[in-house]
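Worksheet for the structure shown next.
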Amino acid sequence: MGRKKTEKGGKLSRFVNTPEAMAVFRHIYEIPTDVGLKYVHWSDALVPASGDLLLPVVAIVEGGIRFPMDPLMADFLSHLRLSPSQVNPNVFRIVMGTAVLNRRLGLELGIHDILRTYILHHNTKTDAYSLRPRDVDFTLVNGLPDTNRGFDEDYLIVSGEWFLSGHKCPTKDGAPDPRRRNPRKSLINIDSLREAWESEICTDDDAQPRSAPLLLRYVVQTKSFLACRLVKDIQAARANPANLALPPVDIRKILDEDAPVMAGINLRNLLPPRSREGTSETVPVQSTPARSKRARVESSAGPSRPATSTQPGPSAEEGSTRLWAPRMEYRGADPVAETDCILPVGVDRSATVASALSQAVRLPLDMEEWRKAADDELISNLRRGLLMGVQASLELEDRFRTNKEHLAHANVLAIKYQDAKKTAAEAQSLAEAANSKRVEAEESLSEALDSLTKAEDKVRALELELERAKKEAYERGSQEAQDEMGRQLPGMCNLYYTDAWEDALAVLNSGQTTLPPTPLKLPFPGAVPPPSPEAVLNSPLPQLGDVVDLEEGESAEAAGPAHEEPQDAPDERGAAPDDAGPFNS
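Start counting the sequence shown at 0; every next residue gets the next number (numbering that gives the first Met the number 0).
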């Protein structure tokens, strides 16, 4: 956390730095017996043993931490991967205050609702993490001090059963995942958030609603707070009984006061000393058992005086001490029987029974002191005793209500845990079924891919074989055509030459002096005859720079003979030598 302290003991060290103070601390904050606490100063704090927790004392005194740790607090730290020693004390106030709001308002605000309201901030100087509101007009817990100087120096090493099963926060320092700093929109309960933002429960004197000191029941030690939206009508907010807060728990007052608790106190010790001038009466000396009794009473007087005293063994004087065994009877009449009772109140005999039972406290020494007391002293002590009894009954009532809320909350958590466990089992079975189907689908897909790969290989092989066969067929056909043309060409040439020679001889034998024009012979039916020499000579030459479309020219040449008259054959004198020339070779 980047801090170096040299002073020993912070502002909260006196609550836990002695065995007596630690005993009071455990009693006030209801630390279970199976949870161990050991005080250390920050400068001496080392990494605790595996499973132990390093926790600031302020987290218990003003942060509302109790053991086992609240699931919301543990899950919040686990979600951000932070240990309690890495966060600012205001983080405990905000998260535990949210847990109290859930109980008081019947809400279910969770981790993502807190991250929707606050931003996780990292102070690089102290290496501590804090929560800053996204909007000061929309906060969950207010009344937060703007400084915690002196409250973050005292720590406790917590061991034993300090967490609930399945809800254990990190015990070693970590770093939050950047993806977990922002809330998931699907997990935000915006209706519950709005109800909490608008609630005026636990409004303090500064008009701050949802004040952390009132929610977490501690006495505020600062007068400067972080900004928040204030309540407009503080009187109306406090007039609503649902907005009232439970009385605070002030360990400072308990440690500083010297007054014992009423339970078990001898009223004679509360009387002022009286002057015995003018009398020679000797005050009876109390025996050793009486002193031992007072020692036991003082040791059990309350949490502010945790001490133990040993029971003294029997002495020689105990044999001469008379036992106090008064007769419980109705003013000398019938004794009290097992069938008697003091309820109902309206029965006359019940009052008589109560009067008879009260005779058991008429201890001789105490009654002697009461006889010496004046009337005003009797009245004052009676009033003091009655009011102390009323105060004790109010404290018992507060504890009963607190325990009732805790039990109701624990019952709700147990029901939710059972429902969550059942839902988790169903989800696990569904997940296993889905996983088995996924495995089957993957196996089927793998087999299909293998079959497809084999089919592609076969197709590729067939295509190669087809190309090879086509190439071989083409080469073989070309060779055969060449061979056939080589065989037929000499015969065709000789045949053409023979026919032409015979025609020429026939003309000469007939007495003609010139050869008639030889008709144009085409190599195959439908062949296009070549143009005449005159047409070739008379056609204009193409101009330079003109773009000639060869495809249009070829198409025009191909289509031209179909619409033109066939050209005349050349005369006999020009055609015969040309036609016969090749065959003369």
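The beta carbon of each residue, even a glycine, is placed where N, CA and C say it ideally should be.
Is it the case that the Cβ atoms of PHE91 and ASP145 are separated by a distance below 9 Å? no
Quick check on the burial criterion: 16 or more other C-beta atoms within 10 angstroms. Buried or exposed for ALA413? exposed
What residue does the alpha helix (DSSP H) around HIS408 start on, and which one ends it? Boundaries of the alpha helix (DSSP H) harbouring HIS408: 374-508, taken from the DSSP string.
Which of the three DSSP states, helix, strand or coil, is assigned to ASP586? The chain is shown from 0 up to 584; residue 586 falls before or after that span and cannot be answered.
With respect to the alpha helix (DSSP H) encompassing ASN537, which residues constitute its N-terminal and C-terminal limits? 532-537
Counting C-beta neighbours from all protein chains within 10 Å, is the total for SER210 16 or more, i.e. buried, or is it exposed? buried
For the candidate residues ASN537, ILE253, VAL219, whose alpha-carbon lies nearest to that of ASN89? Answer by Cα proximity: VAL219.
Where are the beta strand (DSSP E) runs, 3 residues long or more, that stay fully inside the region 63-148, in chain order? 117-122, 127-132
Could you check how far apart the C-beta atoms of TYR128 and GLN85 are, in whole angstroms? I think they sit under 8 Å. 6 Å
ASP153 classed as buried or exposed, judged by whether at least 16 other C-beta atoms fall within 10 angstroms: buried
Span of the beta strand (DSSP E) holding LEU186? Note, LEU186: premise wrong, no beta strand (DSSP E); not H, not E.
When ASP134, LEU104, THR125, ASN101 are compared against THR116, the one with the closest alpha-carbon: ASP134
Assign LYS37 to one of three DSSP states: helix, strand, or coil. strand
If we ignore side chains and look at the alpha-carbon of each, how far apart do MET366 and ASN380 end up? 14 Å
Hey, LEU245 and THR351 are a contact pair by Cβ (cut 8 Å); roughly how many whole angstroms apart? In fact, because the Cβ distance is near 41 Å, the residues do not count as touching under 8 Å.
On the premise that ARG183 lies in contact with HIS111, defined as a C-beta separation below 8 Å, what is that separation, rounded to the nearest angstrom? For a cut-off of 8 Å, the C-beta gap from HIS111 to ARG183 is around 5 Å, short enough to register as a contact.
Using DSSP with H/G/I as helix, E/B as strand and the rest coil, what is PRO55? strand
Tell me, please, whether the CB atom of CYS492 is closer than 9 Å to any CB atom in chain D? Absence of chain D from the displayed structure is noted, only one protein chain being present.
Identity of the residue in GLY63, ASP176, CYS340, ALA174 nearest THR97 by Cα: Checking every option, the nearest Cα to that of THR97 belongs to GLY63.
Hey, would you say SER49 sits closer than 9 Å to PRO169, going by beta carbons? No, they are not a contact pair.
Count the other CB atoms, across all protein chains shown, that sit within 10 Å of the CB of SER509; report buried if there are 16 or more and exposed otherwise. With fewer than 16 Cβ atoms within 10 Å of its Cβ, SER509 is classed as exposed.
Quick test of the definition: if touching needs 3 or more C-beta pairs under 8 Å, does the region 35-53 touch the region 156-163? yes
Start and end residues, alpha helix (DSSP H) containing GLU593: The chain is shown only over 0 to 584; residue 593 falls outside these bounds and no answer can be derived.
Coil, strand or helix - PRO334 by DSSP: strand
Cα-Cα separation between THR17 and MET95, rounded to whole angstroms: If you take the alpha carbons of THR17 and MET95, they lie about 28 Å apart.
Taking Cβ positions, are LEU52 and LEU100 nearer each other than 9 Å? Against a cut-off of 9 Å, the Cβ pair of LEU100 and LEU52 comes out as no contact.
Could you check whether LEU130 and ASN87 sit closer than 9 Å to each other, using their CB atoms as the reference points? yes
Around the C-beta of PHE523, are 16 or more other C-beta atoms found within 10 angstroms, so that it is buried, or is it exposed? exposed
Nonlocal neighbours in the same chain, by C-beta distance under 7 Å from LEU11, ignoring five residues either side: VAL56, VAL57, VAL60, PHE150, ASP153
If you draw a straight line from the alpha carbon of ILE233 to that of ILE200, how long is it in whole angstroms? 11 Å
What does the Cβ neighbour count give for SER435, buried or exposed, with the cut at 16 atoms within 10 Å? exposed
Considering only DSSP beta bridges, list what LEU163 is partnered with. HIS166
With 16 as the cutoff for other CB atoms within 10 Å, does PRO528 come out buried or exposed? In summary, PRO528 is exposed, with fewer than 16 beta-carbon neighbours lying within 10 Å of its beta-carbon over all protein chains present.
Can you grab the Cα-Cα spacing for the pair ASP203 / PRO334, in whole Å? 57 Å
Tell whether a beta-carbon distance below 9 Å holds between LEU254 and ALA20. yes
How about SER191 and LEU71: are their beta carbons less than 9 Å apart? Judged by their CB atoms, SER191 and LEU71 are not nearer to each other than the 9 Å cut-off.
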